[in-house]
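End of the sequence shown sits at 558 in the UniProt record's numbering; the numbers just go up one at a time, nothing left out. Each residue gets a CB set at the ideal place from its N, CA and C atoms; glycine is no exception.
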Amino acid sequence: MADSRMEEEASDVYENNEEDFGWQVATGRRSRAGKKSSDAANATPRNSQASGGDAVTGGDGVSGGGTGPAKATAAAIKNRIVKASRMPQLPEEHHKIIIRPRGGLNLSKVSTTAIGTAVIEASGLTAEQASEDMVCPNFTQNIVVVSTPEPDHAARYVRIKSFKIVETEYEVNAYETAPHATCKGVIRRVDIRDSQSVITRNIVHERNPLALAAKRIKTSGSVIVLFDGLKVPKFVRYGPTLVRCYLYRKQFDVCFTCGRVGHRSDVCPTPDSVQCRGCGALNPPVDHVCTPKCKFCGGNHPTGDKACRQRFQMPYVVRVRRRERGRSRSATRAPAETSHPTPSLQQGPRGRSHSRSRARSRHRSLPREKSRSKSRGASVSLEDGAPGAKPTAGTAWADKVKGTVRIAGGAATPAVTEDNDARIEQLIKEVNALRKANEELTKQVVELKKKAQPSPARVAVARPVSQSTEPSEGDSSPAPKKRAVSTEIDPVFSVLSELKEVIKEIRETTERTNFKVDKLWKWRLTAEQRFKKLETRLGKREITPRNVRGRSKENDRW
């Protein structure tokens, strides 16, 4: 809890972009050092910036917190701001420059092409030179984003002090955003007397290999550190001192002038229209007293106040990790679904087949197991027929470590791998029983065939009789009547046909059972591989309940 408060205190001040050219130094240092974060770059979508800079971030920036209707209202407001502020897809390798106009310029009421022409003219570049550059205004934040592949052009854009639109000169503040595939951390309680050069010298060195640049937040004791990649280290070397580092969380923009959300006071399009951040009253007097209500959480404080726990955006690295976690889960779930058992094994206690023949029910009587619902973490459900056995949406980390899952009723059920051996043994016993029954039936069929064959003596006697009964040429008497064929063999052939059907059905059942056993073996190998990976991630060390709780909180915080 103390760490959470320290993190909020460290990141509740707006980043000061007015003192220098932003993170342009970090871009140059990164290119000179030749550092590349390939893993982070592969995990980062192209439609957003990893640094969480103004107007360039994509995805949903909604951060959790609050309960009930207040949480729903805050989420709706945040989603509206994020969607309205979302920028088009910009190349990852480009330099992004933010231009913040002053003097009450409302970009939404100005021609978009006029804004682009004004920016190019103010930079001193010609239209041919800036042919690959892109100028994109953000009407929600009331800023202009410039994307260029040339470092020289980026240096020109960050030095723009003003531009002219419709015969009016407007002052601007320009700075470069952090490079692609980077993240920000915050360190606290830095000596207020340290200058920018001292801060850079104490942080950007070989003992902090991922640190690219550092910058103080206004005049506070907090310093923002830019890191290469999408992982913020827990500690940073500030000179000889080891300082705790927290993940930087950007706040939603709130204008202290007009009281609206989405932009800041320095770029307010209506600086003459003052509005109370607490109650929304227009042009309130100096001694104005009201009952404030926050637009984010509905609390009794002004919108965007330090007491509001929902004023922070979700950090970009958290969004990336959640996306990657979802992709890994879907990737591990896909092979498990391909090796899913057949539907005949998924039926519940009442899911009996009505197509069983009389012979099958006579010759086969096998026990059936009770239906169980398996863990979602194992990505395989052998039997889905049991009612009320659905796992909850969120499985605790402790349950994952212990190999159990939470059921809707609240009880913990062992993981799939604990009883798969018993299932395989049961199926092997069934296969052996079917083989023995098949052998016995084969012997019976052979014996019946032997009994059905006529003896040689009977055949020898029958031949003379049949020849003597034939009439001669000179005999004019009518031929004697032929004796009817004996029907003693008819019952034998009926039994044989029935036995053939039984044997055929037993063979089909044996083949299906062998197929199920093969599926279970494949599924077992998949489950063992997943648990080996889990043991590798845990470092093969014993995890106590205290460590599990701490790990869960730390994951939620980062």
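Close beta carbons around residue i, own chain, < 7 Å, minus the five adjacent residues each side
{"i": "L242", "result": "F235"}
{"i": "P137", "result": "L107, T112, I115 and V144"}
Proximity of residue i and residue j at Cβ, strictly below 7 Å
{"i": "G262", "j": "T140", "result": "yes"}
{"i": "H94", "j": "T182", "result": "no"}
{"i": "G221", "j": "R189", "result": "yes"}
{"i": "C297", "j": "Q313", "result": "no"}
{"i": "A214", "j": "V223", "result": "yes"}
{"i": "A178", "j": "I160", "result": "no"}
{"i": "I187", "j": "C245", "result": "yes"}
{"i": "V446", "j": "T513", "result": "no"}
{"i": "P284", "j": "C276", "result": "yes"}
{"i": "C294", "j": "C279", "result": "no"}
{"i": "I165", "j": "V225", "result": "no"}
CB contact below 7 Å: residue i versus chain C
{"i": "E128", "result": "Absent from the structure is chain C; it holds one protein chain and no more."}
Close-in-space but distant-in-sequence residues of the same chain around residue i (CB under 8 Å, 5 per side omitted)
{"i": "R207", "result": "R237"}
{"i": "L434", "result": "R364, I506, T509, T510 and T513"}
{"i": "H153", "result": "H95, S123, L125, Q129, A130 and D133"}
6 Å Cβ shell around residue i - same chain, five flanking residues per side excluded
{"i": "S273", "result": "C258"}
{"i": "V254", "result": "V261, T303 and G304"}
{"i": "R325", "result": "none"}
{"i": "I120", "result": "A130"}
{"i": "V135", "result": "G116, V119 and V146"}
Delimiting residues of the beta strand (DSSP E) encompassing residue i
{"i": "V232", "result": "Where V232 is concerned, there is no enclosing beta strand (DSSP E), given that its DSSP letter is neither H nor E."}
{"i": "G185", "result": "T182 to I187"}
{"i": "R216", "result": "A211 to R216"}
{"i": "K96", "result": "H95 to P101"}
{"i": "M134", "result": "M134 to N138"}
{"i": "A174", "result": "T168 to E176"}
{"i": "I165", "result": "S162 to I165"}
Cα-Cα separation, residue i to residue j
{"i": "R80", "j": "R86", "result": "10 Å"}
{"i": "E528", "j": "V318", "result": "29 Å"}
{"i": "A122", "j": "V232", "result": "37 Å"}
{"i": "A114", "j": "F163", "result": "11 Å"}
{"i": "K451", "j": "E498", "result": "16 Å"}
{"i": "I192", "j": "T219", "result": "7 Å"}
{"i": "V198", "j": "R156", "result": "27 Å"}
{"i": "E167", "j": "P209", "result": "49 Å"}
{"i": "L441", "j": "K504", "result": "11 Å"}
{"i": "W523", "j": "S330", "result": "16 Å"}
{"i": "P91", "j": "A281", "result": "43 Å"}
{"i": "G385", "j": "R423", "result": "At G385 the pLDDT is 40, less than 50, meaning the model places this residue with poor confidence and gives no usable figure here."}
{"i": "L534", "j": "R323", "result": "19 Å"}
Neighbour-count burial assignment, residue i, 16 or more Cβ in a 10 Å radius
{"i": "F227", "result": "buried"}
{"i": "E171", "result": "exposed"}
{"i": "V290", "result": "Checking the sequence, you will find Cys at residue 290 rather than Val. So C290 ends up on the exposed side."}
{"i": "L525", "result": "exposed"}
{"i": "F515", "result": "exposed"}
{"i": "I428", "result": "exposed"}
{"i": "K83", "result": "exposed"}
{"i": "R327", "result": "exposed"}
{"i": "N300", "result": "exposed"}
{"i": "W521", "result": "exposed"}
{"i": "R537", "result": "exposed"}
Residue i, enclosing alpha helix (DSSP H) - first and last residue
{"i": "N202", "result": "Q196 to I203"}
{"i": "Y157", "result": "P151 to V158"}
{"i": "I115", "result": "T112 to S123"}
Cβ-heavy atom distance, residue i to the ligand SAH, below 6 Å
{"i": "L448", "result": "You won't find the ligand SAH in this model; it holds no ligand whatsoever."}
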